[in-house]
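Peer 1: Protein chains in written order, with our numbering: chain A, 16 to 330; chain B, 365 to 773; chain C, 53 to 338. Please see the structure below; I have some questions.
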Amino acid sequence: MIRALPVALSSLLLLAPALSPSDFYVNVATQILIAAIFALSLNLLVGYGGLISLGHAAYLGVSAYLTIWLVTRAGVGHLPAAAAAVVLTTAMSVLFGVLALRATGLGFLMITLALGQILWGLAYRWVSVTGGDNGLSGFDRPRPFGIDLASPRAFYLTTAAVFACAFVLMAVLVRSTFGAGLQGVRDQPRRMQALGWHVWMVRLVAFVAAGFWGAVAGVLYAYYNQFVSPHVLALTSSAEALLMVIAGGAGTLLGPVVGAVVVVMLKNVVSAYVTRWVLLLGLVFVAIVAFMPEGLVPGFDRLRRRRRRRTAGDA
Amino acid sequence: MSRRTLVLALLFAAPYAALAAGAKEPIRVGFLTVSSGALAAGGRQMGEGLNLYLKEHGDKLAGRPIEVITLDTAGQPATTRTRTQEAVERYKVHVIIGPLAAFEALAINDYVKQAKVPVISPSAAAEDLTQRSPNPWFVRAVGSSAQPNQPFGEYAAKTLGYKRIATIGDDFAFGHETTAGFQRTFEDAGGKIVQKQWAPLNVADYGSYVAGIKPDVDAVYASFAGANGLRFLRQYAEYGLKVPVLGNMTTVDEGILKNMGDEALGVVSCGWYSAAIDTPANRKFVEAFRAAYGADPGYYSAGAYTAALFLDLALQKVHGKVEDKDAFMKALRSLNVADSFRGPMRIDDHGNPVLIVYIRKVERKDGRLQNTVLQTYPAVTQFWKYEPKAFLAQPVYSRDYPKASNVEP
Amino acid sequence: MRFWVIQSLNGLALGGLLFLLSSGFSLIFGLMRVANLSHGAYFMLGAYVGLSVLNAGYGFWTAVAAGAVAIGILGGVIERVLLRRLAGRTFSQVLVTLGIAFIIADSSLLLWSGDPMPLPVPRSLTGAVPVLGVFFPKYRLAVVGISIVTAAALWALLERTRLGAMIRAGVDDMEMARALGIPVPRLFTAVFCLGAALAGMGGVLGGPILSVYPGLDMDMLPLALIVLILGGPGSLAGAFAGSFFIGFLYTFGQALFPQLAYVILFLPMVAALVLRPKGLFGARAA
Numbered sequence: 016m017i018r019a020l021p022v023a024l025s026s027l028l029l030l031a032p033a034l035s036p037s038d039f040y041v042n043v044a045t046q047i048l049i050a051a052i053f054a055l056s057l058n059l060l061v062g063y064g065g066l067i068s069l070g071h072a073a074y075l076g077v078s079a080y081l082t083i084w085l086v087t088r089a090g091v092g093h094l095p096a097a098a099a100a101v102v103l104t105t106a107m108s109v110l111f112g113v114l115a116l117r118a119t120g121l122g123f124l125m126i127t128l129a130l131g132q133i134l135w136g137l138a139y140r141w142v143s144v145t146g147g148d149n150g151l152s153g154f155d156r157p158r159p160f161g162i163d164l165a166s167p168r169a170f171y172l173t174t175a176a177v178f179a180c181a182f183v184l185m186a187v188l189v190r191s192t193f194g195a196g197l198q199g200v201r202d203q204p205r206r207m208q209a210l211g212w213h214v215w216m217v218r219l220v221a222f223v224a225a226g227f228w229g230a231v232a233g234v235l236y237a238y239y240n241q242f243v244s245p246h247v248l249a250l251t252s253s254a255e256a257l258l259m260v261i262a263g264g265a266g267t268l269l270g271p272v273v274g275a276v277v278v279v280m281l282k283n284v285v286s287a288y289v290t291r292w293v294l295l296l297g298l299v300f301v302a303i304v305a306f307m308p309e310g311l312v313p314g315f316d317r318l319r320r321r322r323r324r325r326t327a328g329d330a
Numbered sequence: 365m366s367r368r369t370l371v372l373a374l375l376f377a378a379p380y381a382a383l384a385a386g387a388k389e390p391i392r393v394g395f396l397t398v399s400s401g402a403l404a405a406g407g408r409q410m411g412e413g414l415n416l417y418l419k420e421h422g423d424k425l426a427g428r429p430i431e432v433i434t435l436d437t438a439g440q441p442a443t444t445r446t447r448t449q450e451a452v453e454r455y456k457v458h459v460i461i462g463p464l465a466a467f468e469a470l471a472i473n474d475y476v477k478q479a480k481v482p483v484i485s486p487s488a489a490a491e492d493l494t495q496r497s498p499n500p501w502f503v504r505a506v507g508s509s510a511q512p513n514q515p516f517g518e519y520a521a522k523t524l525g526y527k528r529i530a531t532i533g534d535d536f537a538f539g540h541e542t543t544a545g546f547q548r549t550f551e552d553a554g555g556k557i558v559q560k561q562w563a564p565l566n567v568a569d570y571g572s573y574v575a576g577i578k579p580d581v582d583a584v585y586a587s588f589a590g591a592n593g594l595r596f597l598r599q600y601a602e603y604g605l606k607v608p609v610l611g612n613m614t615t616v617d618e619g620i621l622k623n624m625g626d627e628a629l630g631v632v633s634c635g636w637y638s639a640a641i642d643t644p645a646n647r648k649f650v651e652a653f654r655a656a657y658g659a660d661p662g663y664y665s666a667g668a669y670t671a672a673l674f675l676d677l678a679l680q681k682v683h684g685k686v687e688d689k690d691a692f693m694k695a696l697r698s699l700n701v702a703d704s705f706r707g708p709m710r711i712d713d714h715g716n717p718v719l720i721v722y723i724r725k726v727e728r729k730d731g732r733l734q735n736t737v738l739q740t741y742p743a744v745t746q747f748w749k750y751e752p753k754a755f756l757a758q759p760v761y762s763r764d765y766p767k768a769s770n771v772e773p
Numbered sequence: 053m054r055f056w057v058i059q060s061l062n063g064l065a066l067g068g069l070l071f072l073l074s075s076g077f078s079l080i081f082g083l084m085r086v087a088n089l090s091h092g093a094y095f096m097l098g099a100y101v102g103l104s105v106l107n108a109g110y111g112f113w114t115a116v117a118a119g120a121v122a123i124g125i126l127g128g129v130i131e132r133v134l135l136r137r138l139a140g141r142t143f144s145q146v147l148v149t150l151g152i153a154f155i156i157a158d159s160s161l162l163l164w165s166g167d168p169m170p171l172p173v174p175r176s177l178t179g180a181v182p183v184l185g186v187f188f189p190k191y192r193l194a195v196v197g198i199s200i201v202t203a204a205a206l207w208a209l210l211e212r213t214r215l216g217a218m219i220r221a222g223v224d225d226m227e228m229a230r231a232l233g234i235p236v237p238r239l240f241t242a243v244f245c246l247g248a249a250l251a252g253m254g255g256v257l258g259g260p261i262l263s264v265y266p267g268l269d270m271d272m273l274p275l276a277l278i279v280l281i282l283g284g285p286g287s288l289a290g291a292f293a294g295s296f297f298i299g300f301l302y303t304f305g306q307a308l309f310p311q312l313a314y315v316i317l318f319l320p321m322v323a324a325l326v327l328r329p330k331g332l333f334g335a336r337a338a
């Protein structure tokens, strides 16, 4: 009963936006969920693995490019194209992981950043395949099993289903023995090695898992925007995801989701009322650090616990 | 009067009353611009052009008040799409003016077709928007990227008598398309492009490119946008190069010309506008613009002002009934502007204006730099002298087309 | 011959500029272990401050000093108010320094209109002079000179002064420095001020070459990171060598392999990091 309640509540919360009468808000909710999957994937690396990446847009971007390219240029069907995009991008993450995990700390950050910048340059420069800065367009959403994904609500529900799967599977992963090992490697790499863990392999698996879910987010991104251009691979795109993770609370499951809500809402809803929304975003980040340096989700947890303790003390 | 006649009278009167009320309903214009990030200067200038036109007309066009909803795309395609959806789905706009960058316009091209919302583009110049992937809901207020550059190539060969030219430009679609248009007609007229250099958009320093320019060319054709024209010309002068510089419209655009110095003097460029056009209509426009914003109008301001003009003229044709989208779009796509601050314009079958191309030269007058008009080419289409069908059968202008067959190692 | 001479000079000039950009970044990271992701924004803001001082009618060197002082003070305040409490909290440091970068970038748009603006070359340094048979801009040679003087001054500061000795001790072993009674908090503020001031000064000095425009901050930040990782954090000699190495790599790479211009810095960097994850010149890289 106690466990069923949050599940029911969160399912309701997840389904609620589909009831909104405004297509606009349905679409904003879709974007939040895509950003949340992307941030969750990065969180595996940053929050649980302790490895700060500034190149995670590589997986979102390459997967989006592959999906649209395969469908519009190579004439592949939607399902095989999406599957191939995820598989190929995950394969790329194996390669990138092997390269990046030569280092940790700042070295790791720089290798991921450099790999991301190389892909960005490639997207700009390899015009015959990527369309250069004009990008790839002319990509329509399919109608699988008679469901018209061009409808914002149908697309939202599909995204919500993928999000639910991603969230649950990533939750299972971080709570598994592997997840415990990953966090152990983050906090005490030497000790974990002594305990017989293969530190490098644990990190690589986390890297590839992050790449895989980043690719899944990329497929959704491609179908949502029906367009892809080099901007998706830009450093700012990677930085934005990192900021979502940290603002919400790295190393927590809900943190990246909350971070995605904050950033996407500021960017897409608040910006209609506040011209200097970038300034506001910066102030929000600074305020988070000033008042809840561990991130929003752990920060609110702390506040709630303290209040509960105080109420208990009063009684 | 019996109750029955009363009901009947009301029944008949109701639609007229609604119509009368409807005519006073504001026309909602979604203005997609850039207010944050690297392209914000262009976005601000677009806003100034649009606002000036509306202010001059008392915020009323074709008898109906105009309500402008300004939306910041941040210069990012994904955000542009969201903003467009917001304009259409949340604010129910009747027409969109924007967005700024070509890649933004391309990012929303499919959505616009699907949502059937009229778009007047005040700046996006990508060739294929009105060529190989045309959109019936799209009209451009500015020239396509190559449109002014095609006559310019011929001008460089025939009037200026240049034989050998080196090109350098931003390594992105706008740079490629403008350079390609210039190259094609310049080489058709017997000239040779002997060197082509492309600098990444985010290049830290043009030093190595400037130093690499072949010393034995007659001129250098520079194709830059945004801050890069300013940075390039600065560094070009710094190295003491004396070879004359030709430019596309944005290299010496009025928007950045005001921050340039002697390095810009003498640059000959092409465009569909110059603040120095010496006609009464343009003098009036420039004076009003200077009075309002203290600067000369350039690419973005003139583009947005023209977009508002197109909106106005099309609205007049349909008597303000913008709700009849098909009629409005038809009016927009068949506009024939007898005269304007840019001279006569007419929309071709693809939604692109046929316009005057101005060949300009940077000179100092009354203490400020201006693009003095050297020559005008009337009624220039986006296809120049080429047959449209044959033109469209060829690949879109790019880095690799037309082929750089005269480039020397 | 002409090609090699002029491109070498270009490489030198860019290297000098990069040193002004990244020496402060490296110093801060070396001592405090803070990757100051607002460093590019400090550089840009310095250029804007310099521009305003110039527009107010003051001379170029006054503008350089003003840029350094203004950004130095800003850095000190930020260190005191925000960064001080975040020692060892990498995540919070990333969030707050990027947040500050956003704030600076957007405020600059508000204050300086977003139009790209060049800073004028000081009159005594305009024009080109012959060097080994080619004409080269005087101002760029001056930038190389200034960067060498700056490097020498920093070296003297680190090696010859009490403050420098304390900084070196801190870089080597923070706990030991603390145990020896070095006032670490004050030292941190001083170093952050110094690093920020160097960025502000670099921004003004870079202005005549780069101009100042929105986006300059994010164009510069990756370059500072590259120099840091190649040179090794906290090592002045490393930052110096790294800057000129990158200056040459960038210049010759673009000239010789124009097709690779977009990736010319990052491709060799990945190779270098994969082969030598601890940096090319530094021994203490993280």
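The beta carbon of each residue, even a glycine, is placed where N, CA and C say it ideally should be. Predicted, not measured: the structure shown is a model, and the values here were computed from it.
1. How many angstroms separate the CA atom of Gly-211 (chain A) from the CA atom of Thr-192 (chain A)?
2. Would you call the CB atoms of Ile-281 (chain C) and Gly-70 (chain A) closer than 8 Å?
3. Can you find the residues in the same chain that come closer than 6 Å, C-beta to C-beta, to Asp-676 (chain B), ignoring five residues on each side of it along the sequence?
4. If you follow the alpha helix (DSSP H) that Pro-174 (chain C) is part of, which residue opens it and which one closes it?
5. Measuring straight from C-alpha to C-alpha, what distance separates Met-185 (chain A) and Leu-163 (chain C)?
6. Report the three-state DSSP secondary structure of Ser-638 (chain B) (helix, strand or coil).
7. Any C-beta of chain E sitting closer than 8 Å to the C-beta of Ser-144 (chain C)?
8. Can you say whether Arg-175 (chain C) is buried or exposed, counting buried as having 16 or more other CB atoms within 10 angstroms of its CB?
9. Apart from the five residues just before and just after Pro-759 (chain B), which ones in its own chain have a Cβ nearer than 8 Å to its Cβ?
10. Which residues in the same chain have their Cβ closer than 7 Å to the Cβ of Asp-730 (chain B), if we skip the five residues on either side of it in sequence?
11. Between B:Leu-565, B:Gly-571, B:Gly-604, which has its C-alpha nearest Ser-587 (chain B)'s C-alpha?
12. State yes or no: is the C-beta of Leu-295 (chain A) within less than 8 Å of the C-beta of Val-285 (chain A)?
13. Taking 8 Å as the cut-off, does the stretch 239 to 256 of chain A touch the stretch 128 to 141 of chain A (at least 3 CB pairs, one atom from each stretch)?
14. Could you check where the alpha helix (DSSP H) with Ser-263 (chain C) kicks off and where it finishes?
15. In this structure, does DSSP put Ser-68 (chain A) in helix, strand or coil?
16. DSSP on Ser-587 (chain B), reduced to helix/strand/coil?
17. Going along the chain, which residues of its own chain have a beta-carbon closer than 6 Å to the beta-carbon of Phe-318 (chain C), five neighbours each way excluded?
18. So, does the CB of Asn-58 (chain A) fall closer than 8 Å to a CB anywhere in chain B?
19. If we cut at 8 Å on Cβ distances, does Ala-262 (chain A) have a partner in chain C?
20. Below 8 Å between beta carbons: does that hold for Ser-400 (chain B) and Asp-436 (chain B)?
21. Against Gln-511 (chain B), what residues of chain A qualify as contacts under a CB-to-CB distance less than 8 Å, listed in chain order?
22. Ends of the alpha helix (DSSP H) at Phe-111 (chain A)?
23. What in chain C is Cβ-close to Pro-564 (chain B), meaning under 8 Å?
24. Enumerate in chain order the residues of its own chain whose CB-to-CB distance from Pro-308 (chain A) is below 6 Å, with the five nearest sequence positions on each side excluded.
25. Assuming the contact rule is C-beta atoms closer than 8 Å, Leu-145 (chain C) and Val-57 (chain C) should be a hit. Round their C-beta distance to whole Å, please.
26. If distances are taken between C-alpha atoms only, which option among B:Ile-720, B:Lys-522, B:Ala-553, B:Ser-487 comes closest to Leu-414 (chain B)?
27. Leaving out the 5 sequence neighbours to the left and right, which residues in its chain are closer than 7 Å to Asn-592 (chain B) when beta-carbon positions are compared?
28. What does the Cβ neighbour count give for Ser-26 (chain A), buried or exposed, with the cut at 16 atoms within 10 Å?
29. Just the chain B side, please: which residues come within less than 8 Å of Ala-287 (chain A) by C-beta, in chain order?
30. Going by DSSP, what residue range makes up the alpha helix (DSSP H) through Asp-224 (chain C)?
31. Assign Phe-395 (chain B) to one of two classes, buried (16 or more other C-beta atoms within 10 Å of its C-beta) or exposed (fewer than that).
32. Checking 8 Å against the spacing of the C-beta atoms, do Ala-659 (chain B) and Lys-622 (chain B) come in under that value?
33. How would you list, in chain order, the residues of chain B whose beta-carbon sits under 7 Å from the beta-carbon of Ala-65 (chain C)?
34. Only counting runs of 3 or more residues, tell me where the beta strand (DSSP E) segments fall wholly within the stretch 539 to 625 of chain B, in order along the chain.
35. For Leu-250 (chain C) and Ser-75 (chain C), what's the separation of their Cα atoms in angstroms?
Peer 2: Considering the structure as presented:
1. 14 Å
2. no
3. Leu-425
4. No alpha helix (DSSP H) holds Pro-174 (chain C); DSSP gives it neither H nor E.
5. 45 Å
6. coil
7. In the structure shown, chain E cannot be found, because the protein chains are A, B and C.
8. exposed
9. Tyr-765
10. none
11. B:Leu-565
12. yes
13. yes
14. Where Ser-263 (chain C) is concerned, there is no enclosing alpha helix (DSSP H), given that its DSSP letter is neither H nor E.
15. coil
16. strand
17. none
18. no
19. yes
20. yes
21. Simply none; closest approach about 17 Å.
22. 93 to 115
23. Ala-313, Tyr-314
24. none
25. It should be noted that the sequence gives Gln, not Leu, for residue 145 (chain C). Gln-145 (chain C) to Val-57 (chain C), Cβ: 43 Å. No contact.
26. B:Ser-487
27. Asp-534
28. exposed
29. Leu-435, Glu-450
30. 214 to 224
31. buried
32. yes
33. Gly-571
34. 556 to 563, 583 to 587, 609 to 611
35. 7 Å
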